[in-house]
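Following: one structure in structure tokens, then a few remarks.
Protein chains: 2
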Amino acid sequence: MKNYYIGIDLGGTNIKYGIVSSEGEIVTKGIIPSRANLKKDVILSNIKKAISSLLYYSRKNKIKIKGIGIGCPGIVNVEKGVIMDMVPNIPQLKNVKIKAELKKDFHCPIYVDNDANLMALAEHKFGAAKGYKNCLCLTIGTGIGSGIIIDGKLFRGSFFAGAEFGHTSIFYDGIKCRCGNIGCVEMYASARAMVKKAKKLLDKDKNLLLYKMVNGNLNKISTKRIFDLWKKGDRLCTKIVNETCVYLGTAIGSAVNLLNPEVVVIGGGVAEAGMKFIKKIEKEVTKRANPVASKNLNVVKAKLENDAGFIGAALLAQLSS
Amino acid sequence: MKNYYIGIDLGGTNIKYGIVSSEGEIVTKGIIPSRANLKKDVILSNIKKAISSLLYYSRKNKIKIKGIGIGCPGIVNVEKGVIMDMVPNIPQLKNVKIKAELKKDFHCPIYVDNDANLMALAEHKFGAAKGYKNCLCLTIGTGIGSGIIIDGKLFRGSFFAGAEFGHTSIFYDGIKCRCGNIGCVEMYASARAMVKKAKKLLDKDKNLLLYKMVNGNLNKISTKRIFDLWKKGDRLCTKIVNETCVYLGTAIGSAVNLLNPEVVVIGGGVAEAGMKFIKKIEKEVTKRANPVASKNLNVVKAKLENDAGFIGAALLAQLSS
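As given, the protein sequences belong to chains A and B, one line each in that order.
The first sequence begins at 1 in this note's numbering and counts up by one.
The second sequence begins at 1001 in this note's numbering and counts up by one.
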């Protein structure tokens, strides 16, 4: 018998949500702005709105909801449903008791976890990591998140503080990160880092194609524009993409040397650059990770794209109940 | 009822061996040179000599040996008992079928694994990591090896190629390592790296205490001498030790961000520098790893010291039979 779960994916820009069956079918889905710059109560009330609209849908369509899963940025105490730390993009969520807050309004069982953990859960069950035992799943967007599957199960570490791949240092004396560490790959290879680097380079040389493309408005620079020009062979964008691959290859290579996964799944906005970019990262990883691990490694693009977060959240509710 | 196992620890310099009970007591132990510069047959025959002498001891003392465990450098296919790769210190052992070779001479069950994995196994069962669920065990000597315990069990990765912590890159554009990777922490913070750095610095300035200590013979520089002078406040040795801790802190911090262990155990020759050195590493790790992981982390000195390797090897035989 199929069961149905609500999945919520709270991001820095949007809340994505949906009803997902135990077999991974999306019954309905939606998206609203998370308004992450506002007070935590506003954000919580937006999450509640998303849940309410899904519950309304489920009543109308006679679908019984068995549980609600929430994916949040940061380190989440899964047992208590509390965001503990590492939420630089929505700092007002630190120490917020998400589960307890939502329990006041909804009577379904509620489960909370880190968003990248849930992306990994979804990709492992229904997506690009299906059938693999040990997987490293990355989501490269504004920041870099990750989830780790070990022996077919989500691995969170001892205190829910593992799988923080974005804070792998690729240079002991490098850029200071907001997390306190030095040289975090997130500071070098995230969408934000790529755009920052482009701005810096354009500031020196206004005669470049990217500068003309955005009509001199540096705020219009996006990774999409960088990748588009890279595919056309533009020199500046090729430099940025090449360096990004070296940074990612370094951090992924180190993680592969530790975890020896069968597959590295790459998702998030930056992965939308397509297979040419994924292949370029793979090449760099293969050069760096140990030969036995490299030989047996697949670097692949995530499959579930923007839905991975709420599918994983629904899956968390399914697996936990 | 107690059972007894033979443990063999094949290192670049010595073969350490012993008979160990299922409760971790060492019944007898010994050490012979491994003569790692000679042909693989010589090394194999030295391993056989060690086993034979222990079997002789066991017959004389009416101890029944239930199995033999062997720890080797490199990536070991544990199922086949073959050294697959990553044995730069004893390269002639690559592709050697250790288990099959020994089976010709001995009728006990024989098991083979990576030496640092076995050190981790031993420290987890009988030493500094006892009682912890998730552990990262490092052995810092000529090279840097590691073993990972996840959920109370040895974690080897998908193809036995995990737990290669020594090949964590701490600089994407750093020193080229013999493994093919760039910036491996082993090239920065191993005993060999420390001595190399000392030699380089002394070459520039012959007026330093360390230079006088070795009477100008740079081949006499050892980590022991460096640590001794560091404890006395020598400027050059303080610089070397400080930098070593930054390098180790960077790599351990990244590993802690991924694995979120409860404990990091530090063993091997360099760890003999003592608690002041371990505390210094801990401080650097705490600065770099995420706050939730740091707060709950213990960085401790290995307990079983030089015996960890063969105790772990005996333990492997126990756990596998």
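We put the beta carbon where it would ideally sit given N, CA and C, even for glycine.
Nothing here was measured: the structure is a model prediction, and the numbers come from that model.
The beta carbon of Ala1198(B) lies closer than 7 Å to those of Leu1210, Ile1221, Ile1226, Ile1240 in the same chain, with the five residues before and after it left out. Thr142(A) sits in coil when the DSSP states are folded into three classes, being neither helix nor strand. Within its own chain, the residues whose Cβ lies closer than 7 Å to the Cβ of Lys40(A), once the five positions on either side in sequence are excluded, are Gln92, Leu93, Val96, listed in chain order. With contacts defined as CB atoms closer than 9 Å, Ile1063(B) and Val1027(B) qualify as a contacting pair. Within the model, the alpha-carbon separation for Ile1083(B) versus Cys1072(B) is close to 8 Å. Ranked by how close their Cα comes to the Cα of Val1270(B), the residues Ile1148(B), Met1119(B), Asp1085(B), Met1194(B) have Met1194(B) in first place. Note that the C-beta distance between Ala1251(B) and Ser169(A) is below 9 Å. For the set Asp1151(B), Leu1316(B), Gly1253(B), the Cα lying nearest the Cα of Asp1115(B) is the one of Leu1316(B).
Closest in C-alpha terms to Ala163(A), from the list Ile1278(B), Ala1293(B), Ala1050(B), comes Ala1293(B). A direct Cα-Cα distance of roughly 22 Å separates Asn117(A) from Ile65(A). Across the set Glu282(A), Ile8(A), Asp151(A), the C-alpha of Asp151(A) shows the shortest separation from the C-alpha of Ser1158(B). Close partners of His167(A) in chain B (Cβ separation under 7 Å): Asn1257, Asn1290. Pairwise C-beta distances place the segment 1034-1050 of chain B in contact with the segment 1007-1023 of chain B, as three or more of them are shorter than 8 Å. Put simply, the segment 122-136 of chain A touches the segment 255-267 of chain A. At least three CB pairs are less than 8 Å apart.
Sequence-ordered contacts of the segment 261-287 of chain A with chain B read Pro261, Glu262, Lys287 [C-beta pairs closer than 8 Å]. With contacts defined by Cβ atoms closer than 9 Å, Lys1099(B) and Ile1110(B) form a contacting pair. In its chain, beyond the 5 residues on either side, Ile19, Ser21, Ile63, Ile65 have a beta carbon closer than 6 Å to the beta carbon of Tyr4(A). Collapsing the DSSP output to three states places Phe227(A) in a helix.
Cβ-Cβ distances below 6 Å link Thr1139(B) to Ala1116, Met1119, Gly1145, Gly1267, Gly1268 in the same chain, with the five nearest sequence neighbours on each side left out; the list follows chain order.
The beta carbon of Ala1191(B) is closer than 6 Å to those of Gly1141, Thr1142, Thr1223, Gly1269, Val1270 in its chain, skipping five residues each way along the sequence. In the displayed model, Cys1237(B) falls within a helix according to three-state DSSP. For Phe1126(B), the enclosing alpha helix (DSSP H) covers residues 1115-1126. For Asn298(A), the three-state secondary structure derived from DSSP is strand. Non-local C-beta neighbours of Gly74(A) in its own chain, meaning closer than 6 Å and more than five positions away in sequence, comprise Ile83, Met86, Val87, ordered along the chain.
Taking 9 Å as the CB threshold, Lys197(A) stays off the interface with chain B.
The distance from the Cβ of Ala122(A) to that of Gly312(A) is about 4 Å, consistent with a contact at the 8 Å cut-off. By DSSP's assignment, Ser169(A) forms a beta bridge with Cys184(A). Excluding its 5 nearest sequence neighbours in each direction, Gly24(A) has C-beta neighbours in its own chain below 6 Å: Phe126, listed in chain order. Listed along chain B, the residues sitting closer than 8 Å to Lys133(A) by beta-carbon distance are Ser1158. Against chain B, a Cβ distance below 8 Å from Asp85(A) picks out Asn1290, Pro1291, Val1292.
Counting along the chain, the unbroken beta strand (DSSP E) around Ser21(A) starts and ends at 14-21. Where Lys1279(B) is concerned, the enclosing alpha helix (DSSP H) starts and stops at 1275-1288. Among the CB atoms of chain A, one or more fall inside 9 Å of the CB of Glu1164(B). According to DSSP, residue pairing for Asp85(A) in a beta bridge involves Ile75(A). For Ile98(A), there are no C-beta contacts with chain B under 8 Å, since the nearest C-beta of that chain is about 16 Å from it. By a beta-carbon distance limit of 8 Å, Val1265(B) contacts Val1300(B). Their separation comes to about 6 Å.
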